[in-house]
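Take a look at the structure set out below.
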Amino acid sequence: SAVISQKPSRDICQRGTSLTIQCQVDSQVTMMFWYRQQPGQSLTLIATANQGSEATYESGFVIDKFPISRPNLTFSTLTVSNMSPEDSSIYLCSVGDRAYEQYFGPGTRLTVT
Amino acid sequence: GNSVTQMEGPVTLSEEAFLTINCTYTATGYPSLFWYVQYPGEGLQLLLKATKADDKGSNKGFEATYRKETTSFHLEKGSVQVSDSAVYFCALRRSPGAQKLVFGQGTRLTINP
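From first to last, the protein sequence lines stand for chains W and U. For the first sequence, the working numbering begins at 1091 and goes up steadily by one. For the second sequence, the working numbering begins at 2 and goes up steadily by one.
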């Protein structure tokens, strides 16, 4: 399985600011995903990060709020824009392998004040 | 649509007790089923999986059997340990070629010595 790292591991941000979360994988992967885990809740898929094209967003998530970059097969970023306290969550990056299994990074714990 | 329902938590057991965490699903076609575990402060780890009816996934003493007739994938362990304390998520993937995972709400398990 791939080794996935995320930066930062946690952050406290002020309302109205933006935070960019990085996801780095130790091998080339085709599929990368971003999830949100709100406090005490399950995981919700935000978008699929596609290399060389725009991300594919799930219902309820828009590019203006969660812009995603995927410059190569080992790296992706998720930006949480114009943050509000409702954006306080854990954001997780995951990757899919050839067997369509998904492996998750350690997550970024975001608190918006 | 596709959905996963887990038994409500939290669940608290004594060490060496028998564990069952119920999971039922709603899906069209033939989904693959997964159990993920999230230890405190960490990301999700794939615990076990089953890709077709009557398959049994197993890992670290945990087992789950894909029951199509009851649309269930209950997680069991014969003798739990304190180190099993974590949040457990049941998830499905709609079809073999699909990547999107749909998660249940998670069940927090605490094992007391």
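Virtual Cβ for every residue (Gly too), placed ideally from N, Cα, C. Note that the structure is a prediction, hence the values are computed from the model and not measured.
Q: Quick one: which unbroken alpha helix (DSSP H) runs of 4-plus residues sit fully inside the region 38-90 of chain U? Chain order, please.
A: none
(Q) Mapping the DSSP letters down to three states, classify W/D1101 as helix, strand or coil. (A) Position 11 of the first sequence, counted from the start, is the residue given in the question as residue 1101 of chain W. Three-state DSSP puts W/D1101 in a strand.
Q: Give a yes or no on whether the C-beta atoms belonging to U/Y26 and U/L110 are separated by under 8 angstroms.
A: As a working note, residue 26 of chain U is residue 25 in the second sequence. As a working note, residue 110 of chain U is residue 109 in the second sequence. No. Outside cutoff.
Q | Classification of U/K50 by the beta-carbon crowding that lies within 10 angstroms, buried from 16 upward | A | Along the second sequence, read from residue 1 onward, the residue named residue 50 of chain U stands at position 49. By the neighbour-count rule (16 or more Cβ atoms within 10 Å), U/K50 is buried.
Q | Exposed unless 16 or more other CB atoms sit within 10 angstroms - verdict on W/R1160 | A | Translated into positions along the first sequence, residue 1160 of chain W becomes position 70. It counts as buried.
Q) According to DSSP, what are the bridge partners of U/T21? A) The residue you call residue 21 of chain U lines up with position 20 of the second sequence. BP columns for U/T21 point to U/E77.
Q | Whole-number beta carbon distance between W/L1163 and W/Q1118, since they are thought to touch under 8 angstroms | A | Stepping through the first sequence from its first residue, residue 1118 of chain W is reached at position 28. Stepping through the first sequence from its first residue, residue 1163 of chain W is reached at position 73. That belief holds up - the Cβ atoms of W/Q1118 and W/L1163 are roughly 4 angstroms apart, short of 8 angstroms.
Q: Closer than 9 angstroms, Cβ to Cβ, to anything on chain U: give me those residues from the region 1167-1194 of chain W, in chain order.
A: I1180, L1182, C1183, S1184, G1186, Y1190, E1191, Q1192, Y1193 and F1194
Q | C-beta atoms of U/T71 and U/K57 nearer than 8 angstroms | A | The residue labelled residue 71 of chain U in the question sits at position 70 within the second sequence. The residue labelled residue 57 of chain U in the question sits at position 56 within the second sequence. Against a cut-off of 8 angstroms, the Cβ pair of U/K57 and U/T71 comes out as no contact.
Q) What residue from W/V1170, W/S1179 and W/Q1114 has the CA that sits closest to W/V1152's CA? A) Walking along the first sequence from the start, residue 1152 of chain W turns up at place 62. Minimum Cα distance to W/V1152 is reached at W/V1170.
Q: Counting only the same chain and skipping the five closest in sequence on each side, list residues whose C-beta sits under 6 angstroms from that of W/F1194.
A: The residue given as residue 1194 of chain W occupies position 104 in the first sequence. Counting only Cβ-Cβ distances below 6 angstroms, and skipping sequence neighbours, we find L1182 and S1184.
Q. If we call anything under 8 angstroms between Cβ atoms a contact, is W/T1198 one with W/Q1096?
A. Residue numbering aside, residue 1198 of chain W sits at position 108 when the first sequence is read from its first letter. Residue numbering aside, residue 1096 of chain W sits at position 6 when the first sequence is read from its first letter. Contact flag set, yes.
Q) Under 7 angstroms Cβ-Cβ, which residues of chain W neighbour U/G44? A) Stepping through the second sequence from its first residue, residue 44 of chain U is reached at position 43. The answer, in chain order, is L1182, F1194, G1195, P1196 and G1197.
Q.
Between U/K101 and chain W, is any beta-carbon pair separated by less than 8 angstroms?
A. Position 100 of the second sequence, counted from the start, is the residue given in the question as residue 101 of chain U. With 8 angstroms as the cut-off, U/K101 counts as an interface residue toward chain W.
(Q) Taking beta-carbon pairs under 9 angstroms, can you tell me which members of the region 1130-1148 of chain W lie near chain U? (A) G1130, Q1131, S1132, L1133, T1134, L1135, T1138 and E1148
Q: Would you mind sorting U/A54 into buried or exposed? The rule is 16 or more other CB atoms within 10 Å of its CB.
A: To locate residue 54 of chain U, count along the second sequence from 1; it is residue 53. Flag for U/A54 reads exposed.
Q: Find out if the Cβ-Cβ distance for the pair U/T108, U/G10 is shorter than 8 angstroms.
A: The residue given as residue 108 of chain U occupies position 107 in the second sequence. The residue given as residue 10 of chain U occupies position 9 in the second sequence. Taking 8 angstroms as the Cβ cut-off, U/T108 and U/G10 qualify as a contacting pair.
Q.
Between U/Q106 and W/S1132, how many whole angstroms is the CB-CB distance? I'm expecting something under 8 angstroms.
A. Here residue 106 of chain U refers to the residue found at position 105 of the second sequence. Here residue 1132 of chain W refers to the residue found at position 42 of the first sequence. Going by Cβ atoms, the distance from U/Q106 to W/S1132 rounds to 5 angstroms, so yes, they are a contact pair.
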